[in-house]
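Okay, so here's the structure we're looking at.
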Amino acid sequence: MNKSYKSFTALAVLAATAGVAQAQSAVTVYGNIDLGVFKKTGSTLSEGRRDNNRLGFKGVEDLGDGLKALFQLEIRYDPDVGTIEGASRPLFQGQSRVGLQGSFGTVRIGRGLTALQDSNVAFEPFRGTPSTAGFITDLMVAGYTSQPLDPAGSSANRFSNAVFYNSPEIAGLQLNVTVATREANGNPALIGRGTQAAPQYAANAALNSNPYSVSATYRAGIFAAMLAAERNAAETKLWSVAGSVQARPDLKLVASYQSQDQEHTVAVNPVTKAWVVGANLDIGPGTLLAGYGRKTPDGAVPTKQIGLGYEYGLSKRTFLYVDASNRKAVTSVNFYGVGIHHNF
Amino acid sequence: MNKSYKSFTALAVLAATAGVAQAQSAVTVYGNIDLGVFKKTGSTLSEGRRDNNRLGFKGVEDLGDGLKALFQLEIRYDPDVGTIEGASRPLFQGQSRVGLQGSFGTVRIGRGLTALQDSNVAFEPFRGTPSTAGFITDLMVAGYTSQPLDPAGSSANRFSNAVFYNSPEIAGLQLNVTVATREANGNPALIGRGTQAAPQYAANAALNSNPYSVSATYRAGIFAAMLAAERNAAETKLWSVAGSVQARPDLKLVASYQSQDQEHTVAVNPVTKAWVVGANLDIGPGTLLAGYGRKTPDGAVPTKQIGLGYEYGLSKRTFLYVDASNRKAVTSVNFYGVGIHHNF
Amino acid sequence: MNKSYKSFTALAVLAATAGVAQAQSAVTVYGNIDLGVFKKTGSTLSEGRRDNNRLGFKGVEDLGDGLKALFQLEIRYDPDVGTIEGASRPLFQGQSRVGLQGSFGTVRIGRGLTALQDSNVAFEPFRGTPSTAGFITDLMVAGYTSQPLDPAGSSANRFSNAVFYNSPEIAGLQLNVTVATREANGNPALIGRGTQAAPQYAANAALNSNPYSVSATYRAGIFAAMLAAERNAAETKLWSVAGSVQARPDLKLVASYQSQDQEHTVAVNPVTKAWVVGANLDIGPGTLLAGYGRKTPDGAVPTKQIGLGYEYGLSKRTFLYVDASNRKAVTSVNFYGVGIHHNF
Numbered sequence: 001m002n003k004s005y006k007s008f009t010a011l012a013v014l015a016a017t018a019g020v021a022q023a024q025s026a027v028t029v030y031g032n033i034d035l036g037v038f039k040k041t042g043s044t045l046s047e048g049r050r051d052n053n054r055l056g057f058k059g060v061e062d063l064g065d066g067l068k069a070l071f072q073l074e075i076r077y078d079p080d081v082g083t084i085e086g087a088s089r090p091l092f093q094g095q096s097r098v099g100l101q102g103s104f105g106t107v108r109i110g111r112g113l114t115a116l117q118d119s120n121v122a123f124e125p126f127r128g129t130p131s132t133a134g135f136i137t138d139l140m141v142a143g144y145t146s147q148p149l150d151p152a153g154s155s156a157n158r159f160s161n162a163v164f165y166n167s168p169e170i171a172g173l174q175l176n177v178t179v180a181t182r183e184a185n186g187n188p189a190l191i192g193r194g195t196q197a198a199p200q201y202a203a204n205a206a207l208n209s210n211p212y213s214v215s216a217t218y219r220a221g222i223f224a225a226m227l228a229a230e231r232n233a234a235e236t237k238l239w240s241v242a243g244s245v246q247a248r249p250d251l252k253l254v255a256s257y258q259s260q261d262q263e264h265t266v267a268v269n270p271v272t273k274a275w276v277v278g279a280n281l282d283i284g285p286g287t288l289l290a291g292y293g294r295k296t297p298d299g300a301v302p303t304k305q306i307g308l309g310y311e312y313g314l315s316k317r318t319f320l321y322v323d324a325s326n327r328k329a330v331t332s333v334n335f336y337g338v339g340i341h342h343n344f
Numbered sequence: 001m002n003k004s005y006k007s008f009t010a011l012a013v014l015a016a017t018a019g020v021a022q023a024q025s026a027v028t029v030y031g032n033i034d035l036g037v038f039k040k041t042g043s044t045l046s047e048g049r050r051d052n053n054r055l056g057f058k059g060v061e062d063l064g065d066g067l068k069a070l071f072q073l074e075i076r077y078d079p080d081v082g083t084i085e086g087a088s089r090p091l092f093q094g095q096s097r098v099g100l101q102g103s104f105g106t107v108r109i110g111r112g113l114t115a116l117q118d119s120n121v122a123f124e125p126f127r128g129t130p131s132t133a134g135f136i137t138d139l140m141v142a143g144y145t146s147q148p149l150d151p152a153g154s155s156a157n158r159f160s161n162a163v164f165y166n167s168p169e170i171a172g173l174q175l176n177v178t179v180a181t182r183e184a185n186g187n188p189a190l191i192g193r194g195t196q197a198a199p200q201y202a203a204n205a206a207l208n209s210n211p212y213s214v215s216a217t218y219r220a221g222i223f224a225a226m227l228a229a230e231r232n233a234a235e236t237k238l239w240s241v242a243g244s245v246q247a248r249p250d251l252k253l254v255a256s257y258q259s260q261d262q263e264h265t266v267a268v269n270p271v272t273k274a275w276v277v278g279a280n281l282d283i284g285p286g287t288l289l290a291g292y293g294r295k296t297p298d299g300a301v302p303t304k305q306i307g308l309g310y311e312y313g314l315s316k317r318t319f320l321y322v323d324a325s326n327r328k329a330v331t332s333v334n335f336y337g338v339g340i341h342h343n344f
Numbered sequence: 001m002n003k004s005y006k007s008f009t010a011l012a013v014l015a016a017t018a019g020v021a022q023a024q025s026a027v028t029v030y031g032n033i034d035l036g037v038f039k040k041t042g043s044t045l046s047e048g049r050r051d052n053n054r055l056g057f058k059g060v061e062d063l064g065d066g067l068k069a070l071f072q073l074e075i076r077y078d079p080d081v082g083t084i085e086g087a088s089r090p091l092f093q094g095q096s097r098v099g100l101q102g103s104f105g106t107v108r109i110g111r112g113l114t115a116l117q118d119s120n121v122a123f124e125p126f127r128g129t130p131s132t133a134g135f136i137t138d139l140m141v142a143g144y145t146s147q148p149l150d151p152a153g154s155s156a157n158r159f160s161n162a163v164f165y166n167s168p169e170i171a172g173l174q175l176n177v178t179v180a181t182r183e184a185n186g187n188p189a190l191i192g193r194g195t196q197a198a199p200q201y202a203a204n205a206a207l208n209s210n211p212y213s214v215s216a217t218y219r220a221g222i223f224a225a226m227l228a229a230e231r232n233a234a235e236t237k238l239w240s241v242a243g244s245v246q247a248r249p250d251l252k253l254v255a256s257y258q259s260q261d262q263e264h265t266v267a268v269n270p271v272t273k274a275w276v277v278g279a280n281l282d283i284g285p286g287t288l289l290a291g292y293g294r295k296t297p298d299g300a301v302p303t304k305q306i307g308l309g310y311e312y313g314l315s316k317r318t319f320l321y322v323d324a325s326n327r328k329a330v331t332s333v334n335f336y337g338v339g340i341h342h343n344f
């Protein structure tokens with residue numbers, strides 16, 4: 001608590017100079033920039049990102065007795081055009097959270113990845129990067145979005161107005177829970193099972209129930225596993241089971257299965273199922289990423305995707321990459337990419 | 001003055017690496033994050049902020065002979081959803097100013113809190129935080145806004161396109177003056193005493209007179225006082241008188257009175273008056289905040305508010321809080337809140 | 001390359017605290033703030049910027065063997081009102097680039113100044129600042145814009161979706177090349193030689209050819225010279241030749257000539273030509289900037305401008321300035337300005 005009540009103006013101005021060293025040490029500026037050149041069947045050569053781009057500010061304060069206060073603010077941006085991600089997303093699209101960490105685990109409040117979406121990246125062949133060659137965006141979560149009643153253009157993986165709990169890891173087991181409020185968040189109307197005139201969710205609708213997301217992760221030696229479930233603001237339900245094995249020091253294998261049920265808002269073919277398998281194999285100064293996955297809407301054409309990537313390390317913070325993939329649904333789309341990834 | 005003329009491209013690139021230590025030491029990254037869970041009569045449980053949230057960049061350069069150059073850029077944001085404050089306000093809603101400080105005082109240019117709005121927070125029971133339980137936003141400034149001809153959604157406390165002067169504090173007395181230009185700033189039309197077809201101020205109107213704000217503050221031992229007046233772009237006039245006494249080391253009492261005259265743009269009941277009294281009492285590891293205030297529009301229902309808060313300190317930078325208040329105008333609204341505040 | 005695969009959630013939280021010193025040292029926060037008060041014939045007194053305002057984040061990583069990775073993200077903002085520049089431009093309007101630098105030169109990818117626009121500022125009397133008294137914006141590039149098919153309100157000097165190459169400087173000679181992709185970038189329709197109903201470039205049009213920009217710069221003793229050419233997304237062609245001589249240690253003379261050909265989109269008077277001469281003379285603790293220039297559209301009124309400025313140094317980072325200019329086209333416009341510039 002700040003007992004130094006706000007003082008007169010000139011003092012406030014001087015205060016702007018005090019404690020520089022202290023304040024500076026408290027905030028870490030971090031992030032990454034990822035840009036490449038890409039070619040997709042039927043599209044012109046384009047420049048863009050393979051991974052999400054972040055510019056963040058974070059810090060940890062030691063409160064004593066093993067208790068810590070922590071905060072994190074994360075801008076997401078598109079460096080090919082210089083805008084914030086999607087040009088219309090929140091400034092801190094990545095996350096904006098504050099919380100406490102202690103022997104009880106971590107409790108945070110604000111906006112961030114849901115428990116499910118935060119846990120499943122460890123089981124995806126491209127480590128959760130949204131590369132077109134990767135599986136996280138479409139295959140692994142079966143086209144599911146955590147934010148159906150957020151403003152148009154919102155990304156697919158987060159809860160706003162939420163509380164986030166991560167248990168300590170006990171005997172390899174960890175529990176993660178995210179629960180959001182039912183308050184409206186500026187969504188456009190979602191027709192769903194309603195009509196244009198009477199949409200199921202009106203614009204800026206308050207929710208009927210609290211969105212939640214839970215995941216349990218387990219580690220034992222070379223094995224890891226995840227079981228997770230989530231229900232979003234439009235009451236779509238997603239569950240996922242995944243596992244990985246570090247078969248050799250240079251080889252990690254991953255597999256996942258997920259099922260999405262949109263029955264609350266979709267009348268036809270409301271259930272989507274998907275599975276993805278893959279491997280990460282160190283070769284020379286880099287790592288080969290390989291994966292295959294399928295997504296099956298009931299009674300419709302399934303999506304099949306094969307993806308390959310190679311990350312050539314220039315340092316621990318910087319690598320070059322090449323990606324290639326084929327994705328078949330009604331049509332077949334080839335994809336090739338080459339670029340650079342730099343962490344800072 | 002930078003005599004090193006811009007050089008050729010490759011040199012400019014290299015320059016990006018030079019002077020890292022110097023530049024870094026010049027900029028302090030600072031701010032705070034405040035999030036809580038709130039319940040108001042008639043509203044769903046919601047997540048939000050009790051205090052404004054800031055992410056700022058500031059620095060001071062010693063120019064010798066007691067002269068300093070100073071700058072400050074302050075983002076304001078809503079961490080419950082990750083957006084900049086109000087989603088539509090300026091990126092540097094908090095302030096964007098540069099200036100000089102010396103024996104003559106401080107002169108700054110840009111956008112920031114007006115003299116009145118910067119001075120009165122020391123006399124408000126919740127120290128100027130915009131908590132629903134606090135008094136600054138509605139009661140203390142009688143619903144007044146410093147920015148009636150700024151873009152829609154602008155906050156209420158600042159001048160853009162202004163010059164800010166703070167005198168040195170001499171024998172406890174300090175004078176603060178803010179004056180803005182008459183240039184247009186992108187306001188929507190303000191009907192005022194005009195009509196829909198011929199509004200008193202058209203969209204993006206140039207002003208008839210310069211907005212200004214002055215405050216004088218005085219300190220003597222345990223006593224402090226303020227006298228302030230402001231006239232905004234739509235020529236609404238506000239004046240305020242306030243005082244405080246540090247009755248005991250653990251007890252501060254505050255009181256203020258203010259009067260707002262909107263005669264220039266409002267035909268009926270143009271005058272609003274308000275008073276607020278309150279106390280800050282240290283209890284245990286925290287501080288109790290208590291206040292009561294009234295606002296009286298001529299010939300209409302007055303607003304009465306009682307507000308209570310407790311800030312439980314976890315460190316000098318971090319505290320937990322609980323707030324409760326009742327506000328009565330035409331209806332009675334109860335408010336409860338609990339949250340965390342972290343300075344970084 | 002980051003071989004540390006994303007791990008479980010709580011670990012990720014802890015990771016937020018690790019490597020603080022390392023990450024912090026990698027990112028330099030830098031920028032400048034420039035604000036003044038200006039008066040133009042026929043306009044009210046206004047507050048604004050003489051130079052562009054930047055808040056940037058940059059870093060360089062040594063990869064060994066003379067190879068470096070570098071990134072730079074640069075916000076541009078208007079401190080008189082606190083918004084990002086123009087209120088609608090990209091957050092990182094200044095630049096957002098990542099690349100490698102070595103004995104081969106520098107290769108970067110992203111958004112930034114074109115080769116021509118990056119090189120010509122060294123030959124402009126006001127060093128490329130967009131002061132109304134300066135020549136860069138209108139005279140020196142003949143009203144040309146590098147971004148005719150970018151979103152409305154984009155500035156005039158950059159390519160998005162581009163690759164940037166700067167050769168090493170060999171015997172005083174350096175070559176700079178920028179090439180952009182043909183992908184659409186969100187432009188409004190550009191009528192050009194089409195009609196309202198069938199504009200030459202539809203909204204969000206893909207390009208017919210790749211925009212490019214090249215410049216060669218040469219330095220020998222007190223002499224420097226530039227030859228540059230650019231073709232933008234709407235196939236307007238610009239070329240420029242410029243030179244400078246450091247006649248005395250305190251006196252630099254500059255001159256430039258440029259020609260713009262808009263024949264691809266403009267039917268009448270498609271060619272614009274301009275020349276600018278000027279001097280920078282150190283006087284006392286500051287520098288006098290002086291320039292004269294003309295712009296000649298075929299068969300129409302030419303534009304003539306004389307500009308004067310004085311920068312009074314308070315330190316290497318901070319100066320005060322006064323500017324004055326007269327610009328004559330169909331009407332004659334006088335301009336006066338006074339302000340402060342602070343680098344941080």
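Chains as they are written, first to last, in full-length UniProt numbering: chain A, 1 to 344; chain B, 1 to 344; chain C, 1 to 344.
For each residue, glycine too, the CB sits at the ideal point set by N, CA and C.
Starting from residue i, trace the beta strand (DSSP E) in both directions and tell me its first and last residue.
{"i": "B:Q117", "result": "Run containing B:Q117: none in the beta strand (DSSP E); it sits in the alpha helix (DSSP H), A115 to S119."}
{"i": "C:L253", "result": "L251 to D261"}
{"i": "C:D150", "result": "Careful: C:D150 lies outside any beta strand (DSSP E) and carries neither H nor E."}
{"i": "C:Y144", "result": "First-last for C:Y144: undefined, no H or E at that position."}
{"i": "A:F104", "result": "Per DSSP, A:F104 belongs to no beta strand (DSSP E) and is neither H nor E."}
{"i": "C:K316", "result": "It is not in any beta strand (DSSP E) - C:K316 carries neither H nor E in the DSSP assignment."}
{"i": "B:G186", "result": "Segment: none, B:G186 is in no beta strand (DSSP E) and carries neither H nor E."}
{"i": "A:H264", "result": "Neither: A:H264 is in no beta strand (DSSP E) and is coded neither H nor E."}
{"i": "A:V214", "result": "Y212 to A220"}
{"i": "A:Q72", "result": "L67 to D78"}
Strictly under 7 Å for the Cβ-Cβ distance: is residue i near chain C by that measure?
{"i": "B:I340", "result": "no"}
{"i": "A:S213", "result": "no"}
{"i": "B:G59", "result": "yes"}
Beta-carbon separation of residue i and residue j under 7 Å?
{"i": "B:A142", "j": "B:T272", "result": "yes"}
{"i": "A:F135", "j": "A:V333", "result": "no"}
{"i": "C:Q72", "j": "C:Q95", "result": "yes"}
{"i": "A:R182", "j": "B:T44", "result": "yes"}
{"i": "B:T114", "j": "B:F159", "result": "yes"}
{"i": "C:A228", "j": "C:S146", "result": "no"}
{"i": "C:N204", "j": "C:D150", "result": "no"}
I want to see whether chain A comes within less than 7 Å of residue i, judged by CB atoms only; does it?
{"i": "B:G42", "result": "no"}
Using a C-beta cutoff of 7 Å, does residue i count as contacting chain B?
{"i": "C:G82", "result": "yes"}
{"i": "A:Q22", "result": "Since pLDDT at A:Q22 reaches only 39, below the 50 mark, its modelled position is unreliable, and the value read off the structure follows with that caveat. With 7 Å as the cut-off, A:Q22 does not count as an interface residue toward chain B."}
{"i": "C:E85", "result": "no"}
{"i": "C:I170", "result": "no"}
My assumption, with CB atoms under 8 Å, is that residue i sits in contact with residue j. Please give the rounded CB distance.
{"i": "A:R49", "j": "A:E74", "result": "No, A:R49 and A:E74 are not in contact; Cβ-Cβ is about 15 Å, not under 8 Å."}
Return helix, strand or coil for residue i, following the three-state DSSP convention.
{"i": "C:T331", "result": "coil"}
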